[in-house]
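Read left to right, the sequence shown gives residues -23 to -1, 1 to 93 (mature numbering (1 follows the signal peptide of the UniProt record, and there is no 0)).
Quick reminder that beta carbons are idealized off the backbone N, C-alpha and C, glycines included.
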Amino acid sequence: MSKRWSRRKVLKQLGLVTAGSVASVVSSCQSITQFRPQPITEKLPKGVTLEMVGLPAGQFLMGSPDSDPDAESWEKPQHQVKLNSFAIGKYPMTQAQYEAVMGNGSSVCLMQRTGS
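Set out below in structure tokens:
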């Protein structure tokens, strides 16, 4: 594992430090918002359904702070990102779901291409 993604660095970003093989919390979260994802079932053509969850709007810091000596230049400047609420699939999309959304023939399954 590279120095950049070493266990110690990752644990430090999570508010943990290691002493040998023991990790301890050195800071606590400032705020935690509890929410329950909103289940959404979308009925698609040909009796296909798509299970999704609705996620609320929110914001987070993206990128690395200037104080991070291991940060790459493309990780800066650290900036606030705001997201609108959105829905995302609860499970990986199947070929049938993809074709129901995008249309038949819009994708060729790997097994169809290789003849498996």
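Cβ-based neighbour list, residue i, same chain, cut-off 7 Å, excluding 5 preceding and 5 following
i, result
"A77", "L21, P22, K23, V25"
"F37", "V58"
"S62", "G31, L32, P33, A34"
"M29", "I17, E19, A64, I65, G66, K67"
Per DSSP, the bridge partner or partners of residue i
i, result
"G31", "Q15, A64"
"V58", "F37"
Cut-off 6 Å between Cβ atoms - residues of its own chain near residue i, not counting five sequence neighbours on either side
i, result
"E19", "L27"
Cα-Cα separation between residue i and residue j, rounded to whole angstroms
i, j, result
"A48", "L32", "30 Å"
"residue 99", "S41", "Nothing about residue 99 can be read from this structure; the chain reaches only from -23 to 93."
"M79", "M70", "12 Å"
"P54", "N81", "43 Å"
"A73", "D43", "46 Å"
"W51", "D45", "13 Å"
Helix, strand or coil at residue i according to DSSP, with G and I counted as helix
i, result
"Q72", "helix"
"K23", "helix"
Residues near residue i by beta carbon distance below 8 Å, same chain, minus five either side
i, result
"R13", "none"
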